[in-house]
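Visitor:
Chains as they are written, first to last, in the numbering used here: chain H, 4 to 354; chain E, 4 to 354; chain P, 4 to 354.
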């Protein structure tokens, strides 16, 4: 598919400058540029790179005076670019239909225009909303509710009684609703606690690949709408995640902890049990939070144990000063000794 | 299902106080209380919360003098509560039977009352014990032994020659017996070592979701009876885990390391290769252990590198004192300078 | 299978000493020795252990003068041992053939002598090379290319447009080509970026179990030939991994970072986005690298933040000195006070 600059601008309902017939063969990222392709730039630095590259044209937020290539102007260049990605490289659509090898249990309610792929499993008493896509080899256990237009990728396992609101995406290999890690140690043996609770996931949540969300002993593990979870994340039993959170890879949240809305957890963050994180908190990569802590609204924390950013940086900086401090101490000890000797001598002289 | 207080107490063979006809509609956790539901309390704090809540009744270990609600008395309130969870919210039982789409290889021995779900795979020469449940989409490769009453969840892969003792539970997406990460670097290329060993898992072990246990080059990777392993854990080739261990999420144990009995590894612990951990050791979250270390019986270690708890806390505390130390040093430098000047002046005066 | 010492030496084309008829029943590791079995030793310490054990014979690189057991001499004892592992414990071979329950989509090109197991899925427009083994329950989405003699284990998911060169091994539960974790936050909502890029994996790459490699928004996520990746690793979108890297468990590499050739990343290393790691760099366990850093060729880094090894060790050592420094400071304060008092007294006396 080849489009002209003016055709693309029209699709975006955007202003453009330069030859309207400029041919665009595709889109490319700034670090793998092909000529006759379109790139986007959302910073001064990217703009410079873009104009210096062999790209055919650039999407950016404001026309520069010295533009040396055709440009398309958009308030959000990346989102405009994303829109064009779907034009040039449309997703592989799964047509509605239940594959004859899919296993559908008893008392299952299927919505309109559902796709269920080969060997997928939907066990008894599930409700599947309209336009849901369940890929080959997904397993949905009993009594689950899958909302409208959800997409469940291969090798996902959803344990019984899980509920997904609409437009939830779950990537391959992820497990939702497995038993929480709960035992009671009595007379030398760890006794398993039953997990009869459920997992409830809000609308527009996306969960990456090979992640795990455990279900609660009783009550719910909850993930608020709009939250995005990366690959290889661990959400333990009874955790409550707020809305529009970002949770990066290798982050683990232990039992009964909660986050507010718009919380950002960078990679490999460790949150112990019964922690409460208020709205708009950000935790830097590898931050560690001890049990029962409360992290205050809007603050950025770093380090292990977690400290507000300024304190954490001061602490980090301090620790790099230790070698200098050791030199200072050593030098001062010499000076002290010298003084002590002088005074001893003076005292002797005076006497 | 609705039960009366006296009916529940009878099931538990437990003492109760208050109206025997109190209706109990279900169970709930203390942070999501519903009226007409039963809660449990195993600390003074929980007891206070429980009595202040709208719950219908409380299970606790000792009748308080000022009980304001009906109570059931049990030595282990949580375990009694767990027993009632199974009454109110029984597990979804999988009836014995081999689903017609399950693939059973040649020379497989199946015990009595086995459940094998749709599309599950049991390859050649496996032995499956009585009352085993193999869920849809589990894959069990050749020459495996699955002991009595084990439960294998969907999307588990068990590589050849793995042996599970009785009542082992393996959650969805977990891989048992994959090749260890072993190569030899010769002439610029990493040469793969074959992995012909096996994994042997003891009775009553439970392994969470999306965890990996590798098999050995030769010999065995072994997990002792009663040990409980969380989600997203990595157990490398030839590791020997003792009995009744607790191993939390994101913990990794490298090749040929071993733990004794009753060891606790909190989350995100990293144990290098050839480490020996003796009985009853506890490692706090994020503890790191260098290769070939020996951790001594009964001691709690923290930090990276791992230090006995007291030293680790002292070290941690010390490092928070650095800013103060810097101030002290700075102040002392001023005082020294002042003294040096005074003495120089005195010396001059004396002369 | 029983072999004599001389038969084994002949297979290896290697020199041997001792009774040529010595019966060898199998191979064993040095920490689980059985009599009548063969062991290998590649260090002075292992040699001592081997000769003191009940093993029947030893493979080593040089005949010791005081050998007390039959020996086989090989330049690379471990590799010779590995060769014999394949003799005594041959892999379970999967015979060529497409299982009748395998799902093969439209326009799929299958090479010669391919094995596709029960319930495996190969979707439309894939190309599968000669001698490829696709185990039961692997899912390969549309437009993938799987090179000659690749082995794809159960429950692997390969997303559309992924390309594997020859002899790639992917272990169970691993996900290749899932959408990168990319959103743009506009007006309170995280907008998903489409991921239309691909993953390209070089020859002889091996990827462990339950690992994830994301595909790029555009362009490629690339893994160079000969690189070996452990279990539970996260490779984010647009990452470029060089050739012959070693990447251990729980290591995460964020978007658009790159490594050169022969890079070693020990366990639980965290690499932020847009990092550039040059050839032959080694990162120790738990090293953390901040965004946009460049790590220089051939250097070993440790710690978080990553520092060249010498500096990191100095820093680590320094921090263990803090308690001593505190004592020194305290002692110096006393001495200073004493001096100040003496001088005050002397000044008074002089006046």
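By construction, the Cβ of each residue, glycine as well, lies at the ideal position given by its N, Cα and C atoms.
Here the structure is a predicted model, which is why all the values come from computation and not from measurement.
Would you check if the distance between the CB atom of residue 30 of chain P and the CB atom of residue 41 of chain P is smaller than 8 Å?
Guide: In the third chain, the residue the question calls residue 30 of chain P occupies position 27. In the third chain, the residue the question calls residue 41 of chain P occupies position 38. In contact: residue 30 of chain P and residue 41 of chain P (Cβ atoms closer than 8 Å).
Visitor: Alpha carbon to alpha carbon, how far is residue 7 of chain H from residue 25 of chain H?
Guide: As a working mapping, residue 7 of chain H is identified with position 4 in the first chain. As a working mapping, residue 25 of chain H is identified with position 22 in the first chain. Answer to the nearest angstrom: the Cα atoms are 5 Å apart.
Visitor: How many angstroms separate the CA atom of residue 217 of chain P from the CA atom of residue 224 of chain P?
Guide: Counting from 1 along the third chain, the entry for residue 217 of chain P is found at position 214. Counting from 1 along the third chain, the entry for residue 224 of chain P is found at position 221. Rounded to whole angstroms, residue 217 of chain P to residue 224 of chain P spans 7 Å at the Cα level.
Visitor: Would you mind telling me which residues of chain P sit closer than 9 Å to residue 373 of chain E, beta carbon to beta carbon, in chain order?
Guide: This structure cannot speak to residue 373 of chain E, because chain E is shown only from 4 to 354.
Visitor: For residue 336 of chain E, return the contacting residues in chain H, with the cut-off set at a CB-CB distance below 8 Å.
Guide: Stepping through the second chain from its first residue, residue 336 of chain E is reached at position 333. Simply 331 and 335.
Visitor: With a threshold of 8 Å between beta-carbons, can residue 205 of chain P be considered close to chain H, or not?
Guide: Against the third chain, residue 205 of chain P aligns to sequence position 202. Chain H, which has no Cβ nearer than 8 Å to the Cβ of residue 205 of chain P, makes this no.
Visitor: Is the CB-CB distance between residue 139 of chain P and residue 142 of chain E below 8 Å?
Guide: As a first step, residue 139 of chain P is located in the third chain; it is residue number 136 there, counting from the start. As a first step, residue 142 of chain E is located in the second chain; it is residue number 139 there, counting from the start. Cβ atoms of residue 139 of chain P and residue 142 of chain E: closer than 8 Å.
Visitor: Going along the chain, which residues of its own chain have a beta-carbon closer than 8 Å to the beta-carbon of residue 304 of chain E, five neighbours each way excluded?
Guide: Along the second chain, read from residue 1 onward, the residue named residue 304 of chain E stands at position 301. 284, 285, 286, 287, 290, 292, 298, 310, 311, 312 and 315, listed in sequence order.
Visitor: Is the shortest distance between the beta-carbon of residue 233 of chain P and the beta-carbons of chain H less than 8 Å?
Guide: Residue numbering aside, residue 233 of chain P sits at position 230 when the third chain is read from its first letter. No, no contact with chain H.
Visitor: DSSP puts residue 243 of chain E in a beta bridge; with which residues?
Guide: Counted from its first residue, the second chain places residue 243 of chain E at position 240. Residue 243 of chain E is bridged to E/225 and E/261.
Visitor: Measuring only between beta-carbons, confirm whether residue 253 of chain P sits less than 8 Å from chain H.
Guide: For this step, residue 253 of chain P is matched to residue 250 along the third chain. Yes, residue 253 of chain P counts as interfacial toward chain H.
Visitor: Among P/253, P/272, P/209 and P/240, whose alpha-carbon lies nearest the alpha-carbon of residue 247 of chain P?
Guide: Reading the third chain from its first residue, position 244 is the one you call residue 247 of chain P. Checking every option, the nearest Cα to that of residue 247 of chain P belongs to P/209.
Visitor: Counting only Cβ pairs nearer than 8 Å, list the residues of chain E close to residue 319 of chain H.
Guide: Taking the first chain and counting its residues from 1, the one referred to as residue 319 of chain H is at position 316. Simply none; closest approach about 10 Å.
Visitor: Which residues of chain H have a Cβ atom closer than 7 Å to the Cβ of residue 345 of chain P, listed in chain order?
Guide: To locate residue 345 of chain P, count along the third chain from 1; it is residue 342. Ordered by position in chain H, the residues that pass the 7 Å Cβ test against residue 345 of chain P are 346.
Visitor: With H, G and I counted as helix, E and B as strand and the rest as coil, what does DSSP make of residue 84 of chain E?
Guide: As a working note, residue 84 of chain E is residue 81 in the second chain. Helix, per DSSP.
Visitor: I think residue 82 of chain H touches residue 187 of chain P, with their Cβ atoms under 8 Å apart; what is that distance to the nearest whole Å?
Guide: Translated into positions along the first chain, residue 82 of chain H becomes position 79. Translated into positions along the third chain, residue 187 of chain P becomes position 184. Yes, residue 82 of chain H and residue 187 of chain P are in contact; Cβ-Cβ is about 6 Å, under 8 Å.
Visitor: Rounded to the nearest angstrom, how far is the Cβ of residue 339 of chain P from that of residue 339 of chain E, given a contact under 8 Å?
Guide: By one-based count along the third chain, residue 339 of chain P stands at place 336. By one-based count along the second chain, residue 339 of chain E stands at place 336. The pair is a contact, with the Cβ atoms about 7 Å apart (cut-off 8 Å).
Visitor: Near residue 4 of chain E, which residues of its chain fall below 7 Å by C-beta distance, leaving aside the five closest residues on each side in sequence?
Guide: Here residue 4 of chain E is taken as the residue at index 1 of the second chain, counted from 1. These residues qualify, in order along the chain: 91.
Visitor: Does chain P have any CB closer than 8 Å to the CB of residue 35 of chain H?
Guide: Taking the first residue of the first chain as position 1, residue 35 of chain H is located at position 32. With 8 Å as the cut-off, residue 35 of chain H counts as an interface residue toward chain P.
Visitor: Going by beta-carbon coordinates alone, are residue 206 of chain H and residue 228 of chain H separated by less than 8 Å?
Guide: Stepping through the first chain from its first residue, residue 206 of chain H is reached at position 203. Stepping through the first chain from its first residue, residue 228 of chain H is reached at position 225. Yes, Cβ-Cβ distance for residue 206 of chain H and residue 228 of chain H is below 8 Å.
Visitor: Would a check of beta-carbon distances place residue 287 of chain P closer than 8 Å to chain H?
Guide: As a working mapping, residue 287 of chain P is identified with position 284 in the third chain. Chain H, which has no Cβ nearer than 8 Å to the Cβ of residue 287 of chain P, makes this no.
Visitor: On the criterion of 16 or more Cβ atoms from any shown chain inside 10 Å, does residue 351 of chain P qualify as buried, or is it exposed?
Guide: On the third chain, position 348 is the one that residue 351 of chain P refers to. So residue 351 of chain P counts as exposed.
Visitor: I want to verify the contact list: residues of chain E whose CB lies under 9 Å from the CB of residue 82 of chain P, in sequence order.
Guide: By 1-based counting over the third chain, the position of residue 82 of chain P is 79. Near residue 82 of chain P (Cβ distances below 9 Å), the residues of chain E are 187, 189, 194 and 196.
Visitor: So, residue 119 of chain P versus residue 125 of chain P, is the Cβ gap smaller than 8 Å?
Guide: Residue 119 of chain P sits at position 116 when you count from the first residue of the third chain. Residue 125 of chain P sits at position 122 when you count from the first residue of the third chain. Closer than 8 Å, so yes.
Visitor: Rounded to whole angstroms, how far is the Cβ of residue 39 of chain P from the Cβ of residue 27 of chain P, which I believe are closer than 8 Å?
Guide: Numbered from 1 along the third chain, position 36 holds the residue referred to as residue 39 of chain P. Numbered from 1 along the third chain, position 24 holds the residue referred to as residue 27 of chain P. Contact holds; Cβ gap of about 7 Å.
Visitor: Counting only the same chain and skipping the five closest in sequence on each side, list residues whose C-beta sits under 8 Å from that of residue 263 of chain P.
Guide: Sequence index remark: in the third chain, residue 263 of chain P carries index 260 (1-based). Excluding residues within five positions, the ones whose Cβ falls inside 8 Å are 245, 280, 281, 282, 283, 284 and 300.
Visitor: Based on the DSSP secondary-structure assignment, which residues constitute the bridge partners of residue 166 of chain P?
Guide: Numbered from 1 along the third chain, position 163 holds the residue referred to as residue 166 of chain P. Answer is P/148 and P/203.
Visitor: Residue 71 of chain P: buried (16+ other C-beta within 10 angstroms of its C-beta) or exposed?
Guide: If you number the third chain from 1, residue 71 of chain P lands on position 68. Counting Cβ neighbours within 10 Å, residue 71 of chain P comes out exposed, since fewer than 16 surround it.
Visitor: Please name the residue in P/240, P/75 and P/108 whose C-alpha comes closest to that of residue 121 of chain H.
Guide: Looking up residue 121 of chain H in the first chain gives position 118. If we check each option's Cα against that of residue 121 of chain H, P/108 comes out closest.
Visitor: Going along chain E in order, which residues have a C-beta closer than 7 Å to the C-beta of residue 92 of chain P?
Guide: Along the third chain, read from residue 1 onward, the residue named residue 92 of chain P stands at position 89. Simply 199.
Visitor: Checking the sheet assignment: what are the DSSP bridge partners for residue 7 of chain H?
Guide: Residue numbering aside, residue 7 of chain H sits at position 4 when the first chain is read from its first letter. H/26, per the DSSP bridge assignment.
Visitor: Are residue 21 of chain H and residue 60 of chain H closer than 8 Å when you measure CB to CB?
Guide: Mapped onto the first chain, residue 21 of chain H falls at position 18. Mapped onto the first chain, residue 60 of chain H falls at position 57. Yes, Cβ-Cβ distance for residue 21 of chain H and residue 60 of chain H is below 8 Å.
Visitor: Is residue 27 of chain P close to chain H, meaning its C-beta is less than 8 Å from at least one C-beta of that chain?
Guide: Residue mapping note: residue 27 of chain P aligns to position 24 of the third chain, counting from 1. Taking Cβ atoms only, chain H never reaches closer than 8 Å to residue 27 of chain P, which makes this a no.
Visitor: So for residue 283 of chain H, helix, strand or coil by DSSP?
Guide: The residue labelled residue 283 of chain H in the question sits at position 280 within the first chain. Coil.
Visitor: Could you check if residue 198 of chain E is buried or exposed, using at least 16 other CB atoms within 10 Å of its CB as the buried criterion?
Guide: Within the second chain, residue 198 of chain E is the residue found at index 195, counting from 1. Residue 198 of chain E is buried by the Cβ-count criterion.
Visitor: Compute the beta-carbon to beta-carbon distance between residue 1 of chain H and residue 15 of chain H, rounded to the nearest angstrom, for a pair I have assumed lies under 8 Å.
Guide: One cannot answer for residue 1 of chain H here, as it falls past the ends of chain H, which runs 4 to 354.
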